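Number 102 in this note's numbering belongs to position 99 of the sequence shown; there are no gaps in the numbering. Structure record follows, encoded as structure tokens.
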Amino acid sequence: MDKTTFGNYLAVAQMNYEMNPSLLLPKEHVAFVLTLTGDDYDGLKAFVQNQRKTRQEGKKASLLKTWSVVEKINEDLYDRGTKFYIAFMDRVMELPPKAQYLVITAQEKSEKSLDVDAISMWFIIEVAKLDESEQDQMDVIFPGLKNVAKQFAN
């Protein structure tokens, strides 16, 4: 994807996030995406390339390790992304232990596999097994997750 295509894709993604705020994405993720501009292209490209290379080498593509390459290319982007990630993880650490486990395990699964659909399905099915109060707390972080999980529980 070239820089122009990236800019067009980014504009559509940002518009979708603004129009559909309950896309099962953490508010920190959405807030971060809404800060992105065409100037972030090189940093994001380096991050994606680093993720691919790490996986191709058979290594775990840990988000923080693969994100570190961005700091050398676009320090502002690196700082913004890191700030939003830390805020997200702070909220995750406030969840009950079972819910924390699910979020962290989903993250670990994504470090090993690009099969986002399978990981998402696993995550939703496991959230459906949580009790009502745990689902309520997860729904605060992932808006709409409780309703989706209920559909899978039936």
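Beta carbons: idealized from backbone N, C-alpha and C, even for Gly. Just so we're clear, the structure is a prediction, and the values are computed from it rather than from any experiment.
What would DSSP say about residue i, mapped onto helix, strand or coil?
i, result
"PRO146", "coil"
"GLY84", "helix"
"LEU133", "coil"
"LYS68", "helix"
"MET96", "coil"
"GLY61", "coil"
"LEU47", "helix"
"ASN77", "coil"
"ASP118", "coil"
I believe residue i touches residue j by the beta-carbon criterion, under 8 Å. Please report the beta-carbon distance rounded to the nearest angstrom.
i, j, result
"PHE9", "TYR44", "5 Å"
"ALA152", "GLN140", "12 Å between Cβ atoms; not a contact."
"LEU67", "VAL73", "Between VAL73 and LEU67 the Cβ distance is about 11 Å, and since that is not below 8 Å, they are no contact."
Could you pull out every residue in the same chain whose Cβ sits closer than 6 Å to the Cβ of residue i, ignoring the five residues on either side in sequence?
i, result
"PHE91", "PRO29 and GLU31"
"ASP142", "LEU148 and LYS149"
On the DSSP letters alone, give me the boundaries of the alpha helix (DSSP H) that residue i sits inside.
i, result
"MET22", "6 to 22"
"ALA102", "100 to 115"
"LEU37", "30 to 38"
Comparing alpha-carbon positions, which option in the options lies nearest residue i?
i, options, result
"LEU98", "LEU66, PHE155, LEU148 and SER136", "SER136"
"GLU114", "ARG55, GLN138 and GLY147", "ARG55"
"LEU39", "TYR20, ASN53 and LEU27", "TYR20"
"LEU37", "PHE145, GLN59 and ALA14", "ALA14"
"GLN17", "ILE127, ALA34, LEU27 and LYS6", "ALA34"
"ASN77", "GLY61, LYS68, MET96 and LYS48", "LYS48"
"GLN52", "LYS62, THR69 and LYS63", "THR69"
"GLN154", "PRO146, ILE144, ILE127 and ASP139", "ILE127"
"ASN134", "SER116, PRO100, LYS112 and TRP125", "One detail in the question is off: residue 134 reads as Asp in this sequence, not Asn. Comparing Cα-Cα distances from ASP134 to each of SER116, PRO100, LYS112 and TRP125, the minimum goes to PRO100."
"GLY41", "LEU117, THR7 and ASP139", "THR7"
"GLY84", "LEU117, LYS63 and GLY46", "GLY46"
Any C-beta of chain B sitting closer than 9 Å to the C-beta of residue i?
i, result
"GLN59", "No chain B is part of this structure, which consists of one protein chain only."
What does a CB cutoff of less than 7 Å around residue i pick up in its chain, not counting 5 residues either side in sequence?
i, result
"THR108", "none"
"GLU129", "LEU105"
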